[in-house]
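To start, the structure under review is shown below, and the notes come after it.
Residue numbers (this note's numbering), protein chains in the order written: chain A, 15 to 267; chain G, 10 to 57.
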């Protein structure tokens, strides 16, 4: 008599580009829809429900996108460094591709955090830019992302490019706690954290608007990264049999 | 926006522009990758 056992769920199953490709394809529409719905709710709360701030007037409404992009710029860097380190340590192709896919979206989030911060700083501090510890460390984060992208682009051999980029990503991750704690460690013009594990100093509607916009940006970033990693898989595995089979079935787009 | 329209809309407008550019770039690169796969298959058939 033969016995059969039900297949157990195995995360390693998705470590292969071949199995991750369709999974990412299924997740993208969910992320896009969630991002769109959360954006509508977040903007409605931010512009129509949250009251005008007593000291900053309506200029504070920049917070609804500034905080979301600033959080995402740091979070994406940590995730990029994590996958880069996994790729470096275990030589897993998909991990390195994930790190490569995260970098452009991370760089854009960092640019947006700096841009929206500058436009918030002008009416509140009287200057678009100051060489403040928070702003300077965030600018360094942008250079780290751009350096990672440029370094990988400069090396023709993809495996070597992955490894070189991974070293830069892992070394650069030290900048993330510096950004986060800069407002505590140094005397900065940038305000301290409005939200922490101990609670929030903000009005409830403002806080909800900000958190929902942060979730919306998170979903958008996830969709963009998954879309990009699928493209990277196609570029790198274009000669693989499974890619040819999917092409024959019209399932590449 | 109480006189702060330039700053508020300048912020949200740039976010919208960046999202549009990234989505366009993502789609363009995907189409190029798919076209390359199709070319590879055609080359394989030609060689075979």
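Just so you know, even glycine gets a beta-carbon here, dropped at the ideal spot from N, CA and C.
query = What first and last residue would you give for the alpha helix (DSSP H) that runs through residue 58/A?
reply = 31 to 58
message = Distance cutoff 9 Å, beta carbons only. Does residue 125/A sit that close to anything in chain G?
response = yes
ask   = Going by C-alpha distance, which of 86/A, 110/A, 41/A and 53/A is nearest residue 126/A?
value = 86/A
Alpha-carbon spacing of residue 109/A relative to residue 184/A, whole angstroms = 13 Å
message = I want to verify the contact list: residues of chain A whose CB lies under 8 Å from the CB of residue 35/G, in sequence order.
response = 238, 241, 242 and 245
task = Would you check if there are 3 or more beta carbon pairs closer than 8 Å linking the stretch 28 to 36 of chain A to the stretch 47 to 58 of chain A?
result = no
ask   = DSSP on residue 206/A, reduced to helix/strand/coil?
value = coil
query = How is residue 264/A classed by DSSP in three states: helix, strand or coil?
reply = coil
Test: residue 19/G CB closer than 9 Å to a CB of chain A = yes
task = Kindly indicate which three-state DSSP category residue 176/A falls into: helix, strand or coil?
result = helix
ask   = Are residue 234/A and residue 53/A closer than 9 Å when you measure CB to CB?
value = yes
ask   = Shorter than 9 Å from the beta carbon of residue 122/A to some beta carbon of chain G?
value = yes
inquiry  = Please list, in chain order, the residues of the stretch 76 to 90 of chain A that have any C-beta partner in chain G closer than 8 Å.
reply    = 76, 79, 80 and 83
request  = Could you tell me whether the Cβ atoms of residue 116/A and residue 97/A are closer together than 9 Å?
outcome  = yes
message = In whole angstroms, give me the CA-to-CA distance for residue 252/A and residue 77/A.
response = 43 Å
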